[in-house]
Amino acid sequence: MLLNDLQYYRIVLASKSPRRRDLLAGMGVVFETVQSDEAEQTDSLWSAEEVVCHLSQRKAEAVFRQISAASQPQSAPLLVIGGDTIVVSDGRILGKPNGKEEALRMLRQLSGSSHMVYSGICVKTAKTVMTAFDTTIVTFEPLQEEELAYYIDHFQPFDKAGSYGVQEWIGYRGISSIKGSFYTVMGLPTHLLWRLLESTIHN
């Protein structure tokens, strides 16, 4: 079983996201967390797929280099997991909001419509680097201004792509349908990560 094989690796999640930490732990993986300080710079000509794949790989590679440079020789081979998530609405990429006003603008755009969530994932070892992405369609009910303000004031979703967390109050109140993986919307396509880990370990 994959989990038995993974115990021989030092596994590091290159993310500060508590959602990714919870999901990876829920998969039964034993890991540590090292935040990537890599700037999330992208090219305006990139597609959504290219954005999440590029950023997830850059995060994984940056943390891999950081640990490799700072650590003493290790008995266990290093395996780093990086991830990135964006929301695309009406052809526009929505990342993390810079503040309350931008969060409100994003949520107004998502209210009463469908959008696409893209989550990229990267698995990096000394020998291989594997990157892939998954997509999910999310549909929101129309939301009132006071509901948007309530959500932002109480949950402050400034660290979330598209200004919302599917697992929070706004998801309970507003999401009417999800076509694809719920965990992809949370920020970690767990089924896809499992496949990448299997390919990394067994090939």
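Note that the sequence shown covers residues 0 to 202 in numbering that gives the first Met the number 0. Glycine included, C-beta positions come from ideal geometry on N, C-alpha and C.
Reduced DSSP secondary structure (H/G/I, E/B, other) of residue i
| i | result |
| --- | --- |
| Leu-93 | strand |
| Ser-118 | strand |
| Gly-111 | coil |
| Gly-161 | helix |
| Gly-170 | helix |
| Leu-142 | coil |
| Leu-44 | coil |
N-terminal and C-terminal residue of the alpha helix (DSSP H) that residue i is part of
| i | result |
| --- | --- |
| Lys-239 | The requested residue 239 does not occur in the structure, where the chain is confined to residues 0 to 202. |
| Gly-25 | 17 to 25 |
| Asp-4 | 1 to 5 |
| Leu-196 | 189 to 201 |
| Thr-183 | 181 to 185 |
Straight-line Cα distance separating residue j from residue i
| i | j | result |
| --- | --- | --- |
| Thr-199 | Leu-147 | 42 angstroms |
| Leu-103 | Gly-173 | 15 angstroms |
| Ser-14 | Thr-32 | 7 angstroms |
| Ala-68 | Leu-12 | 17 angstroms |
| Ile-85 | Trp-45 | 13 angstroms |
| Glu-131 | His-53 | Per the sequence shown, the amino acid found at residue 131 is Ala instead of Glu. One C-alpha to the other measures close to 10 angstroms. |
| Val-50 | Met-0 | 32 angstroms |
| Thr-183 | Ser-175 | 17 angstroms |
| Val-165 | Ala-61 | 28 angstroms |
| Gly-179 | Leu-191 | 12 angstroms |
| Ala-24 | Glu-144 | 36 angstroms |
| His-201 | Ala-59 | 20 angstroms |
| Thr-189 | Glu-100 | 32 angstroms |
Residue i vs residue j beta-carbon contact at 9 angstroms
| i | j | result |
| --- | --- | --- |
| Arg-9 | Met-185 | no |
| Leu-106 | Ile-177 | no |
| Tyr-149 | Pro-156 | no |
| Ile-136 | Leu-187 | no |
| Ser-118 | Asp-83 | yes |
| Thr-138 | Ser-162 | no |
| Leu-78 | Leu-5 | yes |
| Tyr-7 | Pro-76 | yes |
Residue i - partner residues in DSSP beta bridges
| i | result |
| --- | --- |
| Ser-88 | Arg-91 |
| Thr-32 | Leu-12 |
| Leu-78 | Ile-10 |
| Asp-152 | Bridge partners of Asp-152: none, in fact. |
| Lys-123 | Val-79, Val-128 |
The beta strand (DSSP E) enclosing residue i, as first and last residue numbers
| i | result |
| --- | --- |
| Ala-131 | 128 to 139 |
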